[in-house]
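See structure below.
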Amino acid sequence: MLTKVHHVGIVVHSADEALKFYRDALGLPVTADQVIEDQGVRGILLQIGGSEIELLEPTRNDTGVARFLESRGEGMHHICFESDDVDKELEAARAKGIELIDEKPRPGLAGMVCFLHPKSNHGVLIEFATPIAGSH
Amino acid sequence: MGIGATHIDHIVIQSNDSAATAKLFADQYGIEIKRTMSRPGTRAHLEFAKLQEVIVEFAGPGEVQPYDEVKARLGGFVLAVDDIHAAVTSLRESGWDVGEPHPAVQPGALITGVRGRTNGVPLALIQYNARPLEENSQ
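So the sequence lines, in the order shown, correspond to chains B and D. Taking my numbering, I'd label the letters of the first sequence as residues 1 to 136. Taking my numbering, I'd label the letters of the second sequence as residues 1001 to 1138.
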C-alpha cells in the first residue's frame, strides 16, 4: 500500500547551485548527500515535513538523468511514493501489466526503490520506495 | 535562515485529460480521489488525492478533446508556510523574485509564486488561516 509521497525528484545542472535555493533560501535540512556510482548521479535529499525533495545531478553523460537534463533541461523528474513493502508493490504493478524500469527493487537514496516506466503512467515517471530502517 | 516551510502542500500533475490520469493513478496504484472540482473563474478540471499531508492535484482542461494519447507531466508544487509575508520577505532578502501574496482558491488562504531560479520547477507558497491582507498592511 502506498502510504505517502516520499519525495519529488528534481534534475539539476549543479546540485551545489540548487542548494543555494532549497537549503539556504528555503531553509530545508539536507538528510542525505551522496554519489550513486552505478546510477551516475549525485543525489541530495532535503526534508520538508513528512516528505523530502530530491536533487539529482548527473555525474556522467550516459544515464537517464543526464539524457533528461539534455533534452528537457532542469525540472521535475519523478514522484516517489512510499510503501511499507516495495517488493509487493512491484509485483502488483507487474501483475497489472505496468511497464517496469526496474525488474526488482534496488538500493537507492530513499531506501529500497524501483521505477515504473512513464509509458504506463501517461508520461509521469513514478518511483516506489521503502526506507531502510535506521537510515536518514 | 529559512522561510518556515512546514510541508509540501500539494504536487500538481498536469494532464490533457486530468480525469483520465486521476483514474489511472487510482486504478493502478490505489490512490483514492477525494475531490473533483472546476477551478473557479476558469474551466479547468481538477481532481485531488491526499496521501497524509500531501495533496496530489490532477489538473487539466475543462473540455477534453478526443486525444490519441493522454499525456501528463509533473507541473510543480506548493509549499505550506507558517507566515507567508515573512517567507516572502526572507526570500526577497536572499535575492529571489517572489510575487505578492493573494487570496488562494482555498478559503482563508494566501498564495504566491516564486518567479524563477527554482531549477525549472514552478513553485508556490501557501499559508492557510492567513490573516486578511488589509490587516497585514496596517
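We put the beta carbon where it would ideally sit given N, CA and C, even for glycine. Quick caveat, the model's predicted, so the values are computed rather than measured.
query: Per DSSP, what kind of secondary structure is Gln39/B in: helix, strand or coil?
result: The three-state secondary structure of Gln39/B, taken from DSSP, is helix.
task: Could you please give the first and the last residue of the uninterrupted beta strand (DSSP E) stretch that includes Arg1117/D?
output: Arg1117/D -> no beta strand (DSSP E), and no H or E assigned at all.
query: If you draw a straight line from the alpha carbon of Ala1020/D to that of Asp1068/D, how long is it in whole angstroms?
result: About 13 Å.
task: Note the first and the last residue of the continuous beta strand (DSSP E) segment covering Pro1127/D.
output: Before going on, a small fix: residue 1127/D reads as Gln here, not Pro. Counting along the chain, the beta strand (DSSP E) containing Gln1127/D begins and ends at 1123-1127.
Chain-ordered chain D contacts of Gly50/B [CB-CB under 7 Å]: Listed along chain D, the residues sitting closer than 7 Å to Gly50/B by beta-carbon distance are His1007, Gln1052, Glu1053.
- prompt: With 16 as the cutoff for other CB atoms within 10 Å, does Ser71/B come out buried or exposed?
  reply: Counting Cβ neighbours within 10 Å, Ser71/B comes out exposed, since fewer than 16 surround it.
query: Once you ignore the five residues that flank Trp1096/D on each side, which residues in its own chain have a CB closer than 7 Å to its CB?
result: So the qualifying residues of the chain are Val1114, Arg1117.
Per DSSP, the bridge partner or partners of His154/B: This structure cannot settle anything about residue 154/B, because the visible part of chain B is limited to 1 through 136.
- request: Count the other CB atoms, across all protein chains shown, that sit within 10 Å of the CB of Asp1009/D; report buried if there are 16 or more and exposed otherwise.
  value: Its Cβ being crowded by 16 or more others within 10 Å, Asp1009/D is buried.
- request: Could you check if Ile132/B is buried or exposed, using at least 16 other CB atoms within 10 Å of its CB as the buried criterion?
  value: Under a 10 Å Cβ-count criterion, Ile132/B is classified as exposed, with fewer than 16 other Cβ atoms of the shown protein chains found around its own Cβ.
Chain D residues whose Cβ lies nearer than 8 Å to that of Ile101/B: Those do not exist, as Ile101/B stays about 15 Å from chain D at its closest Cβ, beyond 8 Å.
Which of helix, strand or coil DSSP assigns to Leu90/B: Helix.
message: Rounded to the nearest angstrom, what separates Thr59/B and Val8/B at their Cα positions?
response: The alpha-carbon atoms of Thr59/B and Val8/B are separated by roughly 20 Å.
message: By the three-class DSSP mapping on this structure, what secondary structure does Pro118/B have?
response: Of the three classes helix, strand and coil, the one that applies to Pro118/B here is helix, per DSSP.
- prompt: In chain order, which continuous runs of the alpha helix (DSSP H) of length 4 or greater are located wholly inside the region 1019-1094 of chain D?
  reply: Listed in chain order, the complete alpha helix (DSSP H) runs (minimum 4 residues) inside the region 1019-1094 of chain D are 1084-1093.
message: I believe Val124/B touches Ala1072/D by the beta-carbon criterion, under 8 Å. Please report the beta-carbon distance rounded to the nearest angstrom.
response: About 5 Å separates the CB atoms of Val124/B and Ala1072/D; that is less than 8 Å, so the two are in contact.
task: Give the interface partners of Leu1079/D over in chain B, defined as CB-CB distance under 8 Å, in chain order.
output: Residues of chain B passing the Cβ test: Leu26, Ile48.
query: From Gln1138/D to Gln1106/D, what does the alpha carbon distance come to, in whole angstroms?
result: Confidence in Gln1138/D is poor, its pLDDT being 43 and thus under 50, which makes the residue's placement unreliable; the coordinate value appears in the next sentence. Gln1138/D and Gln1106/D have their C-alpha atoms some 24 Å from each other.
query: Using the C-alpha atoms, what's the distance from Ala66/B back to Asp38/B?
result: Their Cα atoms are separated by approximately 13 Å.
message: For the region 80-95 of chain B against the region 24-33 of chain B, do three or more pairs of beta-carbon atoms, one drawn from each stretch, fall closer than 8 Å, so that the two count as touching?
response: Not touching, per the Cβ criterion.
- prompt: According to the Cβ coordinates, are Ser83/B and Glu1053/D closer than 9 Å?
  reply: The answer is no: Cβ separation not under 9 Å.
- prompt: Which partner residues does Leu46/B have in the DSSP bridge list?
  reply: Per DSSP, the beta-bridge partners of Leu46/B are Val30/B, Ile53/B.
message: Check whether chain B comes within 9 Å of Arg1117/D, counting only Cβ atoms and requiring the distance to be less than that.
response: Yes, because at least one Cβ of chain B sits closer than 9 Å to the Cβ of Arg1117/D.
- prompt: At least one CB of chain D closer than 9 Å to the CB of Ile79/B: is that the case?
  reply: Output row for Ile79/B: interface = yes.
field: Ala1086/D classed as buried or exposed, judged by whether at least 16 other C-beta atoms fall within 10 angstroms
entry: Exposed, since its Cβ has fewer than 16 Cβ neighbours within 10 Å.
Val35/B burial status per 10 Å Cβ neighbour count (16 or more: buried): If you draw a 10 Å sphere on the C-beta of Val35/B, you find fewer than 16 other C-beta atoms in it, and that means exposed.
- request: Compute the Euclidean distance between the alpha carbons of Val113/B and Ile126/B, then round it to the nearest angstrom.
  value: Each residue's Cα considered, the two are about 10 Å apart.
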